[in-house]
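Step one of this worksheet: look at the structure below.
Numbering (the UniProt record's numbering), first residue to last: 1 to 169.
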């Protein structure tokens, strides 16, 4: 896969988003996958899969979870739900809950429906559902509604210092 993004030195110098800037700066192979987001649609991952002509198993959604004052990123296929107990256990936490959307936006620097696991303002421990290993590439949000990036799951984990875990419900 060949990078389709211009070489930039970060979001300020013209990259579409911080996620795209990170992929470009690290020379990570990826492909930008854009689509027309329809205002009012809140099933963001399902919309992305449908408009990109991709399987809901190969398109992943980025969720933030919290335990006390600790935050983490959980990435699961659009076709599934997060097993929050399994995610907490994988992080060594006793429990977890979904992060408030406004807090998620402040922590990541992205809007809900466009939260990318890449280039977050405040990086957090990251879990990627192990089903991602079934694909050569997966799609995750590229940092705004209407933009996904396609990359190898191992590259995603490398860039986020993440790990695979069985976190799908």
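Cβ atoms here follow ideal geometry from the backbone N, Cα and C, with glycine treated the same way.
*Going straight from the alpha carbon of residue 117 to that of residue 28, what length do you get?*
Straight-line spacing of the CA atoms in residue 117 and residue 28 works out to 15 Å.
*Just tell me which of 31, 56 and 36 has its CA closest to the CA of residue 45.*
It is 56.
*Taking all protein chains shown into account, decide if residue 19 is buried (16 or more other Cβ within 10 angstroms of its Cβ) or exposed.*
Residue environment: residue 19 is assigned as buried (16 or more neighbouring CB atoms within 10 Å of its CB, all protein chains considered).
*Which ranges would you report for the beta strand (DSSP E) in the region 125-155 if only whole runs of at least 3 residues count?*
Counting only unbroken stretches of 3 or more residues, the beta strand (DSSP E) elements lying wholly within the region 125-155 are 126-129, 138-144 and 147-151, in sequence order.
*Going by the CB atoms, is the gap between residue 156 and residue 128 shorter than 9 Å?*
yes
*Taking the alpha-carbon positions, what's the residue 39 to residue 107 distance?*
Distance between the alpha carbons of residue 39 and residue 107: 23 Å.
*Locate the alpha helix (DSSP H) running through residue 168, then write down its first and last residues.*
Taken as a continuous stretch (DSSP letters only), residue 168 belongs to no alpha helix (DSSP H), as it is neither H nor E.
_Rounded Cβ spacing between residue 66 and residue 96 (contact assumed at less than 8 Å)_ = 7 Å
_According to DSSP, simplified to helix, strand and coil, what is residue 2?_
Legend: pLDDT at residue 2 = 39, less than 50; position of this residue unreliable, value from coordinates given subsequently. If DSSP states are grouped into helix, strand and coil, residue 2 belongs with coil.
*Reduced DSSP category for residue 77 - H, G, I as helix; E, B as strand; rest coil*: strand
_Rounded straight-line distance, which links the Cα of residue 119 to that of residue 9_ = Reliability fails at residue 9, whose pLDDT of 36 lies under 50, so the model's placement of it is uncertain and no value is given.
*Have a look at 148, 160 and 166 and flag the residue whose alpha-carbon is nearest the alpha-carbon of residue 36.*
Checked all of 148, 160 and 166; the closest Cα to residue 36 is 148.
*Enclosing beta strand (DSSP E) for residue 62 [first to last residue]*: 60-67
*asked:* Quick check on the burial criterion: 16 or more other C-beta atoms within 10 angstroms. Buried or exposed for residue 90?
replied: It counts as buried.
*Taking the beta strand (DSSP E) that residue 34 falls in, what are its first and last residues?*
31-34
*Straight-line gap, residue 34 to residue 50 (C-alpha atoms, nearest Å)*: Taking the straight line from one Cα to the other gives about 12 Å.
*residue 82 by DSSP, collapsed to three states: which one?*
In the three-state reduction of the DSSP assignment, residue 82 falls in the strand class.
*Counting only the same chain and skipping the five closest in sequence on each side, list residues whose C-beta sits under 7 Å from that of residue 112.*
101, 104 and 105
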